[in-house]
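Below, the structure is given as structure tokens:
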């Protein structure tokens, strides 16, 4: 595993963070050392797949990066009619993901698509996963995407959403930021790396509160949702579509910018 030294040296100008080839090469190390509980989230996606898989269904990994969630789902799928669709808009991530997946043999088809998740049709889905992806979309596009996910899920299907969050109370929000920075220090990141990475992310990653996420689920039509995991200012949620749900017609949304 190649180590993440992207922000280890002082940068004259800090560019907005993007998932380019440099990030793709060190991504496994970066996410393990930056996101508390990441392995627990991935493992539990597998457990949820075991519980919520349905016959002849699709399984979507939105913002798949190197395919960790896709692999977790594929290991648990037992139905011959299953198909996984992994989507990312970073050419470097898609290329590396495709290479990575070649190391794992399976009878379950897994398509890796280079695309904007806002433009991809979601249909016949038992499970949709979005791991730390929604937070990078413009806020005005999030409601429509979650509504489309609901529409594309089968009755009884689930949406697994993992995100960095903000808290409404400033004091507790700052406490969780401090604890997260302590976590990164304990994993070998320097003060310079923490500071420069934070500056690179501040214009491109815009987290929501848990309440905002749950309101969005409700507005989309989900009957119930729960925060099943939280560590510091990172969490993972499951929204469940009622087995008796029908898909009401949606009004045509305005086209999203790619």
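In my numbering, the protein residues as written are 488 to 745.
Yeah, the Cβ is synthetic: ideal placement off N, Cα and C, and Gly gets one too.
Span separating the alpha-carbon of residue i from that of residue j
i	j	result
residue 593	residue 563	11 Å
residue 786	residue 544	With the chain covering 488 to 745 only, the question about residue 786 has no answer from this structure.
residue 642	residue 717	27 Å
residue 731	residue 711	13 Å
residue 682	residue 650	20 Å
residue 707	residue 497	44 Å
residue 572	residue 505	22 Å
residue 547	residue 557	8 Å
residue 604	residue 554	15 Å
residue 591	residue 658	45 Å
residue 511	residue 491	10 Å
residue 653	residue 660	6 Å
residue 577	residue 507	7 Å
residue 532	residue 618	10 Å
residue 715	residue 627	26 Å
residue 596	residue 585	13 Å
residue 521	residue 677	12 Å
residue 509	residue 526	22 Å
residue 575	residue 656	33 Å
residue 523	residue 530	14 Å
residue 669	residue 517	15 Å
Status (buried if at least 16 other CB within 10 Å, exposed otherwise) for residue i
i	result
residue 680	buried
residue 724	buried
residue 728	buried
residue 622	buried
residue 709	buried
residue 568	exposed
residue 666	exposed
residue 720	buried
residue 673	exposed
Of the listed residues the options, nearest to residue i (C-alpha basis)
i	options	result
residue 671	511, 508, 506, 519	519
residue 581	631, 599, 568	599
residue 722	574, 695, 567	695
residue 538	559, 719, 525	559
residue 613	561, 652, 668, 555	561
residue 687	490, 488, 499, 720	499
residue 647	517, 551, 492	551
residue 690	610, 615, 514, 624	624
residue 494	645, 536, 675, 618	675
residue 501	685, 656, 638, 692	685
residue 515	509, 489, 667, 536	489
residue 610	634, 620, 638, 601	638
residue 566	542, 587, 579	542
residue 601	587, 549, 635	549
Inside the stretch 512-563 only - beta strand (DSSP E) runs reaching at least 3 residues: 545-549
Whole alpha helix (DSSP H) elements within the stretch 673-742, 4-residue minimum: 678-688, 697-707
Those runs of the alpha helix (DSSP H) which lie wholly inside the stretch 560-617 and span at least 4 residues: 578-588
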